[in-house]
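Colleague:
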Amino acid sequence: MLKIDVLTIFPEFFKEVFDFGIIRRAKVAGIVEINIYDLRSFTTDKHRKTDDKPFGGGDGMVMKCEPIFSVIEQIIGTCERENYPQVTKVVLLSPQGRVFKQSVAREFADEANHIVLICGRYEGIDERVSDALVTDEISIGDYVLSGGEPAAVVLVDAIIRLLPNALGSETSAVNDSFTENLLDYPHYTQPRDFRGMEVPEVLLSGNHAEIERWRREKAFEKTRNYRKDLLDKEHS
Ligand code: ADE
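If you're matching positions, the sequence shown starts at 42 in the numbering used here and goes up one per residue.
1) Have a look at Phe59 and Ala193 and give me their C-alpha separation to the nearest angstrom.
2) Quick one: give me the first and last residue of the beta strand (DSSP E) that His249 is part of.
3) For Ile109, is the beta carbon positioned less than 8 Å from some heavy atom of the ligand ADE?
4) How far does the alpha helix (DSSP H) with Glu164 in it extend, from its first residue to its last?
5) Given this structure, state the Cα-to-Cα distance separating Lys68 from Gly98, to the nearest angstrom.
6) Could you compute how far the alpha carbon of Pro108 sits from the alpha carbon of Arg81?
7) Starting from Glu74 and walking both ways along the beta strand (DSSP E), at which residues does that stretch end?
8) Could you tell me which residues DSSP puts in a beta bridge with Phe235?
9) Three-state secondary structure (DSSP) at Gly138?
10) Could you tell me if the beta carbon of Ala192 falls within a distance shorter than 8 Å of some heavy atom in the ligand ADE?
11) Would the beta-carbon of Ser180 be found less than 8 Å away from any heavy atom of the ligand ADE?
12) Could you check which residue in Lys87, Gly71, Asp86, Thr91 has the C-alpha nearest to that of Ile50?
13) According to DSSP, which residues form a beta bridge with His228?
14) Strictly by DSSP, which residues pair up with Gly188?
15) Please name the residue or residues paired with Lys44 in a DSSP beta bridge.
16) Could you pull the start and end residues of the alpha helix (DSSP H) that Ser111 belongs to?
17) Relative to the alpha-carbon of Thr129, which residue among Asp234, Glu190, Asp177 has its alpha-carbon at the smallest distance?
18) Are the region 143 to 153 and the region 180 to 194 touching, with three or more C-beta to C-beta distances below 8 Å?
19) Taking 8 Å as the line, does the beta carbon of Ser171 fall inside it for any heavy atom of the ligand ADE?
20) Using beta-carbon positions only, say whether Leu196 and Phe110 come within less than 9 Å of one another.
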């Protein structure tokens, strides 16, 4: 069982997002447990402040470290990274992190049994969170979101579908895009002729070797056209 804890100042954001499809099934099957922690309820001041003005001046607000330290202490039992169990990952979602991709999802799915996702907000988060608590800083791409919440959803989805028995068939994830640094091949279903657009003949042939060859060719063609960087990486 993988335990995922999400730390956020917008718990409502996650109200239903994990209640569909594969994630829901995985929760029901006891493959994963997801808990949402409201950082505001870990504040101790009268105004329940989760952010404050930056030391040194400048625009915007900075997320305070105390509520985050308090939650981590409660859910892991220690605020000292050196004392975390080996299988615990504390992830800060931020545009400054290592870029998330299939191999990183695989790493988390294989190595962790407890993942804590800290959703950053505003202009930043007190650096002492990174210094003391975080094991992995992750970005989901080279663009800036207004907070880490959508990024947390992306990680949860990508990781859960790689867990043993999360998908209907054990082999489904093996053929996913990116597993071999290749995009997926095109798919077709009924009807054979839709408004004059026909399903490629080879897929109707019943010749499995031919079909396999065609799919590989198309996967390469798509990758060459849209994501040449993936092919360059594979052969460098
Ligand atoms: N928070 C803001 N932008 C982000 C990004 N690109 N990835 C992860 N977390 C973020």
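Even for Gly, the Cβ is constructed at its ideal location relative to N, Cα and C.
Modeller: According to the structure shown:
1) Along the sequence shown, one-based indexing puts residue 59 at 18. Along the sequence shown, one-based indexing puts residue 193 at 152. Near 11 Å, if we compare the C-alpha coordinates of Ala193 and Phe59.
2) For this step, residue 249 is matched to residue 208 along the sequence shown. Not the beta strand (DSSP E): His249 falls in the alpha helix (DSSP H), residues 249 to 267.
3) Residue numbering aside, residue 109 sits at position 68 when the sequence shown is read from its first letter. False, no ligand heavy atom lies under 8 Å from that Cβ.
4) On the sequence shown, residue 164 is found 123 positions in, with the first residue counted as 1. Taken as a continuous stretch (DSSP letters only), Glu164 belongs to no alpha helix (DSSP H), as it is neither H nor E.
5) Stepping through the sequence shown from its first residue, residue 68 is reached at position 27. Stepping through the sequence shown from its first residue, residue 98 is reached at position 57. Each residue's alpha carbon lies about 45 Å from the other.
6) Along the sequence shown, read from residue 1 onward, the residue named residue 108 stands at position 67. Along the sequence shown, read from residue 1 onward, the residue named residue 81 stands at position 40. Their Cα atoms are separated by approximately 7 Å.
7) In the sequence shown, the residue the question calls residue 74 occupies position 33. Unbroken beta strand (DSSP E) run through Glu74: 73 to 79.
8) For the purposes of this step, residue 235 is identified with residue 194 of the sequence shown, where counting begins at 1. Bridge pairing for Phe235: Met238 [DSSP].
9) For the purposes of this step, residue 138 is taken as residue 97 along the sequence shown, with counting starting at 1. If DSSP states are grouped into helix, strand and coil, Gly138 belongs with the strands.
10) Position 151 of the sequence shown holds residue 192. Result yes, Cβ under 8 Å from the ligand ADE.
11) On the sequence shown, residue 180 is found 139 positions in, with the first residue counted as 1. Yes, the ligand ADE has a heavy atom inside 8 Å of this Cβ.
12) The residue you call residue 50 lines up with position 9 of the sequence shown. Closest option to Ile50, Cα to Cα, is Thr91.
13) Residue mapping note: residue 228 aligns to position 187 of the sequence shown, counting from 1. For His228, which the question treats as bridged, DSSP gives no partner whatsoever.
14) Translated into the one-based positions of the sequence shown, residue 188 becomes position 147. Gly188 is bridged to Arg162.
15) As a working mapping, residue 44 is identified with position 3 in the sequence shown. Glu74, His155, per the DSSP bridge assignment.
16) Numbered from its first residue, the sequence shown carries residue 111 at position 70. 107 to 117 is the span of the alpha helix (DSSP H), which, as asked, contains Ser111.
17) Along the sequence shown, one-based indexing puts residue 129 at 88. Closest option to Thr129, Cα to Cα, is Asp177.
18) no
19) Along the sequence shown, read from residue 1 onward, the residue named residue 171 stands at position 130. Every heavy atom of the ligand ADE is 8 Å or more from the Cβ of Ser171, so no.
20) Along the sequence shown, one-based indexing puts residue 196 at 155. Along the sequence shown, one-based indexing puts residue 110 at 69. The answer is no: Cβ separation not under 9 Å.
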